[in-house]
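Asker: Protein sequence lines correspond, in order, to chains G and C.
One point on numbering: in our numbering, the residue at position 125 of the first sequence is 125, and numbering is uninterrupted.
One point on numbering: in our numbering, the residue at position 140 of the second sequence is 140, and numbering is uninterrupted.
Cβ coordinates follow ideal geometry from the N, Cα and C atoms, glycine included.
Predicted model, so just to flag it, every value in this text is computed and none were measured.
There are 2 protein chains.
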Amino acid sequence: MGVRRQARHVSVKDVAARSGVSFQTTSKVLNGKGSVSDVTRARILQVASDLGYVPNLQARSLVMQRTLTVGLIASDFSDHNLSRFIVGAEQEARRQGYGVIITSIEPEGSGTEYALPAMMERRVDGILLAAPQMEDDRALAHVLDRTLPVVSLHHVPGGGVATVGSDHELTGYLATQHLTSRGHRVIATVTGTRGRRVTQSRLRGYRRALEEAGIDVESDLVDEGAWEIAQALAATLRCFERRRDITAVFAHNDVMAIGVLSALRQMGRRVPDDCSVVGCDDIDMAAYTSPPLTTVHVPFYETGAEAMRLLLSMVKTNSVVPKKVLLPVHLIVRGSTAEASRTRFRPTP
Amino acid sequence: MGVRRQARHVSVKDVAARSGVSFQTTSKVLNGKGSVSDVTRARILQVASDLGYVPNLQARSLVMQRTLTVGLIASDFSDHNLSRFIVGAEQEARRQGYGVIITSIEPEGSGTEYALPAMMERRVDGILLAAPQMEDDRALAHVLDRTLPVVSLHHVPGGGVATVGSDHELTGYLATQHLTSRGHRVIATVTGTRGRRVTQSRLRGYRRALEEAGIDVESDLVDEGAWEIAQALAATLRCFERRRDITAVFAHNDVMAIGVLSALRQMGRRVPDDCSVVGCDDIDMAAYTSPPLTTVHVPFYETGAEAMRLLLSMVKTNSVVPKKVLLPVHLIVRGSTAEASRTRFRPTP
DNA sequence: GGAGACTAGGCGAACGTTCGCTTTGCGCGC
DNA sequence: GCGCGCAAAGCGAACGTTCGCCTAGTCTCC
Numbered sequence: 001m002g003v004r005r006q007a008r009h010v011s012v013k014d015v016a017a018r019s020g021v022s023f024q025t026t027s028k029v030l031n032g033k034g035s036v037s038d039v040t041r042a043r044i045l046q047v048a049s050d051l052g053y054v055p056n057l058q059a060r061s062l063v064m065q066r067t068l069t070v071g072l073i074a075s076d077f078s079d080h081n082l083s084r085f086i087v088g089a090e091q092e093a094r095r096q097g098y099g100v101i102i103t104s105i106e107p108e109g110s111g112t113e114y115a116l117p118a119m120m121e122r123r124v125d126g127i128l129l130a131a132p133q134m135e136d137d138r139a140l141a142h143v144l145d146r147t148l149p150v151v152s153l154h155h156v157p158g159g160g161v162a163t164v165g166s167d168h169e170l171t172g173y174l175a176t177q178h179l180t181s182r183g184h185r186v187i188a189t190v191t192g193t194r195g196r197r198v199t200q201s202r203l204r205g206y207r208r209a210l211e212e213a214g215i216d217v218e219s220d221l222v223d224e225g226a227w228e229i230a231q232a233l234a235a236t237l238r239c240f241e242r243r244r245d246i247t248a249v250f251a252h253n254d255v256m257a258i259g260v261l262s263a264l265r266q267m268g269r270r271v272p273d274d275c276s277v278v279g280c281d282d283i284d285m286a287a288y289t290s291p292p293l294t295t296v297h298v299p300f301y302e303t304g305a306e307a308m309r310l311l312l313s314m315v316k317t318n319s320v321v322p323k324k325v326l327l328p329v330h331l332i333v334r335g336s337t338a339e340a341s342r343t344r345f346r347p348t349p
Numbered sequence: 001m002g003v004r005r006q007a008r009h010v011s012v013k014d015v016a017a018r019s020g021v022s023f024q025t026t027s028k029v030l031n032g033k034g035s036v037s038d039v040t041r042a043r044i045l046q047v048a049s050d051l052g053y054v055p056n057l058q059a060r061s062l063v064m065q066r067t068l069t070v071g072l073i074a075s076d077f078s079d080h081n082l083s084r085f086i087v088g089a090e091q092e093a094r095r096q097g098y099g100v101i102i103t104s105i106e107p108e109g110s111g112t113e114y115a116l117p118a119m120m121e122r123r124v125d126g127i128l129l130a131a132p133q134m135e136d137d138r139a140l141a142h143v144l145d146r147t148l149p150v151v152s153l154h155h156v157p158g159g160g161v162a163t164v165g166s167d168h169e170l171t172g173y174l175a176t177q178h179l180t181s182r183g184h185r186v187i188a189t190v191t192g193t194r195g196r197r198v199t200q201s202r203l204r205g206y207r208r209a210l211e212e213a214g215i216d217v218e219s220d221l222v223d224e225g226a227w228e229i230a231q232a233l234a235a236t237l238r239c240f241e242r243r244r245d246i247t248a249v250f251a252h253n254d255v256m257a258i259g260v261l262s263a264l265r266q267m268g269r270r271v272p273d274d275c276s277v278v279g280c281d282d283i284d285m286a287a288y289t290s291p292p293l294t295t296v297h298v299p300f301y302e303t304g305a306e307a308m309r310l311l312l313s314m315v316k317t318n319s320v321v322p323k324k325v326l327l328p329v330h331l332i333v334r335g336s337t338a339e340a341s342r343t344r345f346r347p348t349p
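In structure tokens:
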């Protein structure tokens, strides 16, 4: 039980005292400002390093009026996509010398009550929002407006907030178009949570691809998987109960696509021989499902980096630019999709 | 391009001026210290809320000598297990009113050069380390020692640092013992990265279970999967090339277990009829592989929460207690394991 | 009616910086 | 020989808090 008091930090005054100069001169040297003779400069630097001087950012930001720190509010750090985004954002911040302080907000509503104040108390220079399920939270939007530079991963009501994301409609379009171009005509889709914008966008892309191929959009081919394996599995079973002639399924993300694969296996349908499957997001595991999943790559890491770049540029110029950035997505063809002509009908056991 | 200067924050002096008292009195009211009459107290509180006063934690921590902030250094936020850990830690910190500032360190060596100074500059009250691959980094250990309260998820050389983790040897033991108790005698294991302590511990558990069952430990049944699906798949194939009589495989984590399942499928061996598979970690997906994976549950979330609890208790008492906490793990039986008697030998195609 | 205790509030200092303004000392041109 | 300009360093103030100590006023009690 080694209890020991924490050693006091060495301050610029300590360094000054040891070097025989005023602490302001020391400060000048450490910041490379003002004119100081080479010999004293060297002496001060030497002493500073001997004493292990580490500047106190708290004090510094008090006078500078900026903290070199940004807040990152996320709904769930363990969400795979979100965590890629976070890594991208954090690395970009680090590259630019900014610190990142995080808070997660509880899914059941307003963890915002804690998150925002915590960030404000710490006087963050800007905020990065990554809480997709808050996209309709007007309270949040209200608080954010007119105060700080904010960049969000998702839509924020009111529209004063800059957004960086990927083109979800294109995602849905590319996935579906890949299937129609391979001759599929009866294409089911297992969607994300109904109310969410991503879902609506991906659904729009799905419809557009079908229409372009001259295929009617039929509602019994659409079912909700709500981003979860188990629900996607169930949704797939429901679709096939309604329509036995489905030859392809587009899942609104890869995790659900894995559920779709499970469902098909369970029904005794082979992939891609009996049914093609395409997901989106391109998670690591997508390359290792059986068969490997055809999917649309969504650049989460780059989105995070880009969002942070935009945020920091706003912070540095002290301006607010409510622009929307969309990053490109692209199709990755693997083994889970095949020509419709190869598809042989096999009755459900 | 709506450029607008950032509004200055309202300070305790602003509130004081408006309420007609000194700013120190305002401070007293806001902190509930000293004696202030009910009427002025009410007036001050009213003004504070009218003006939207938010205390400046920077200034506060300057005089209080603590920042109510802890640093979290992690190797990779997008690692599934690590991110569960982080969520647990963050939530516990939040519950206790502490902020969390993060840095990731690059796998290729010493991102520490940036991470530590960044934390020190911000005068964090303590540091939580979650960078398993740094477990042998003496430089890191040296810097950490004797300065701040530090709790680590992994071993730190020199041993002055508190550690919270789960019982990896027990994990390996439970997984393997489950297999031996079901009559398996030829049990392969696909390990994590060789040099790592987790790997060594899980391997020790594996050996102990075998010995208890009176089975010789044979080196041609051990192969390295290095935590990755693809490598685990390859390792499995190699094992079966050496030994065709394997009836069960223990993978050092669930991700690799998925690779093992792929390999078996590829070889035409059915799970669990021809071969049983058990993983560990209990990731979300484990319940949805086909067949659902028998695994050992490792409480990452709780580990994070517990680590943060320990860290904060050290911070609050200003003491350093280099204790080691081990959290319990338990077996979860799903569909990927069966009695050895059911196992029928099928030659590799 | 006066001493003592208590209440309400003010004041100065400190925390560790940055920044702009002064002061000191010295070489130099006329 | 005198003022000028410039380099080197010091000084005071400010950032927004907390904290300990001081003071003025009121209440209580004998």
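1. Pop quiz: Thr-303(C) and Phe-85(C) are said to be a contact at Cβ under 8 Å. What is the actual Cβ separation, rounded to whole angstroms?
2. Taking only the alpha-carbon atoms, compute the straight-line gap between Glu-218(G) and Val-298(G) and give it to the nearest angstrom.
3. Per DSSP, Phe-250(C) is paired with what?
4. I want to see whether chain C comes within less than 9 Å of Leu-233(G), judged by CB atoms only; does it?
5. Taking the straight line between their C-alpha atoms, what separation do you get for Leu-128(C) and Gly-88(G)?
6. Can you grab the Cα-Cα spacing for the pair Pro-157(G) / Arg-242(G), in whole Å?
7. So the beta strand (DSSP E) Ala-287(C) belongs to, where does it begin and stop?
8. With 9 Å set as the bound, which would you pick, yes or no: does the beta-carbon of Asp-50(G) sit closer than that to a beta-carbon of chain C?
9. For the stretch 279 to 291 of chain C, list every residue whose C-beta sits within 9 Å of some C-beta in chain G, in sequence order.
10. Kindly list the residues whose CB is nearer than 8 Å to the CB of Gly-2(C), restricted to its own chain and excluding five residues on each side of it in sequence; keep chain order.
11. Using three-state DSSP, classify Val-217(G) as helix, strand or coil.
12. Using the Cβ count rule (16 or more neighbours within 10 Å means buried), how would you classify Ala-42(G)?
13. Does at least one heavy atom of the ligand SAM sit under 8 Å from the Cβ of Ala-42(G)?
14. In chain G, which residues lie less than 8 Å from Asn-253(C) when you measure between Cβ atoms?
15. For the stretch 10 to 84 of chain C, which segments carrying the alpha helix (DSSP H) assignment without a break, of at least 4 residues, lie completely within its bounds, in sequence order?
16. In whole angstroms, give me the CA-to-CA distance for Ile-283(G) and Val-47(G).
17. Find the nearest neighbour of Asp-220(G) within the set Arg-208(G), Thr-236(G) and Ala-209(G), judged by alpha-carbon distance.
18. Short check: CB of Leu-310(C) to CB of Val-151(C), under 9 Å?
19. Is the beta carbon of Leu-233(G) closer than 9 Å to that of Ser-262(G)?
20. For the beta strand (DSSP E) that contains Leu-179(G), what are its first and last residues?
21. Given this structure, state the Cα-to-Cα distance separating Gln-351(G) from Ser-336(G), to the nearest angstrom.
22. Any C-beta of chain C within less than 8 Å: which residues of the stretch 80 to 96 of chain G qualify?
23. From the DSSP secondary-structure annotation, give me the bridge partner or partners of His-297(C).
24. At the level of alpha carbons, what is the spacing between Ser-290(C) and Ile-258(C)?
25. By the criterion of Cβ-Cβ separation under 8 Å, what are the contact partners of Gly-99(G) in chain C?
26. What distance in whole Å lies between the Cβ atoms of Leu-153(C) and Ala-307(C), which are believed to be in contact at a cut-off of 8 Å?
27. What's the C-alpha gap between Ala-139(C) and Thr-163(C)?
28. Using 9 Å as the limit for Cβ to Cβ distance, is Gln-133(G) near chain C?
29. Quick check on the burial criterion: 16 or more other C-beta atoms within 10 angstroms. Buried or exposed for Val-333(C)?
30. Compile a chain-ordered list of the residues in the stretch 37 to 65 of chain C whose CB is closer than 9 Å to at least one CB of chain G.
31. Here's the rule: buried if 16 or more other CB atoms are within 10 angstroms of the residue's CB, otherwise exposed. What is Glu-339(G)?
32. Where does Ile-127(C) fall in DSSP's three states?
33. Ordered along the chain, which non-local residues of its own chain (more than five positions away) have a Cβ less than 6 Å from that of Val-10(C)?
34. If you draw a straight line from the alpha carbon of Lys-33(C) to that of Pro-117(C), how long is it in whole angstroms?
35. Spell out whether any CB of chain C is found under 9 Å from the CB atom of Phe-77(G).
36. Should Thr-295(C) and Cys-275(C) be called a contact, given that it needs their Cβ atoms to be closer than 9 Å?
Answerer: Checking against the coordinates, here is how it stands:
1. 6 Å
2. 27 Å
3. According to DSSP, Phe-250(C) bridges with Thr-189(C) and Val-278(C).
4. yes
5. 21 Å
6. Approximately 37 Å, taken between the alpha carbons.
7. Per DSSP, Ala-287(C) belongs to no beta strand (DSSP E) and is neither H nor E.
8. At a cut-off of 9 Å between C-beta atoms, Asp-50(G) does not count as an interface residue with respect to chain C.
9. Asp-284, Met-285, Ala-287, Tyr-288, Thr-289 and Ser-290
10. Only weak support is given to the placement of Gly-2(C): the predicted model assigns it a pLDDT of 47, under 50, and the question is left unresolved by the model.
11. coil
12. exposed
13. Because no ligand of any kind appears in the structure shown, any question about the ligand SAM cannot be addressed here.
14. Neighbours of Asn-253(C) on chain G: none; closest Cβ ~13 Å, over 8 Å.
15. 12 to 19, 23 to 31, 38 to 51 and 57 to 64
16. Note on geometry: alpha-carbon atoms of Ile-283(G) and Val-47(G) lie some 51 Å from one another.
17. Thr-236(G)
18. yes
19. yes
20. First-last for Leu-179(G): 168 to 181, but that is the alpha helix (DSSP H), not the beta strand (DSSP E).
21. Only positions 1 to 349 of chain G appear in the structure, and residue 351(G) is not among them; the question remains open.
22. His-80, Ser-83, Arg-84, Ile-86, Val-87, Glu-90, Gln-91 and Arg-94
23. Asp-281(C) and His-330(C)
24. 9 Å
25. Ile-101, Thr-103, Ala-118 and Arg-122
26. About 6 Å; that satisfies the 8 Å criterion.
27. 18 Å
28. no
29. Burial state of Val-333(C) is exposed, judged by a 10 Å Cβ sphere holding fewer than 16 other Cβ atoms.
30. Val-54, Pro-55, Asn-56, Leu-57, Gln-58, Ala-59, Arg-60, Ser-61, Leu-62 and Gln-65
31. exposed
32. Annotated three-state conformation of Ile-127(C) is strand, per DSSP.
33. Leu-51 and Tyr-53
34. 35 Å
35. yes
36. Between Thr-295(C) and Cys-275(C), the gap from beta carbon to beta carbon reaches 9 Å or more.
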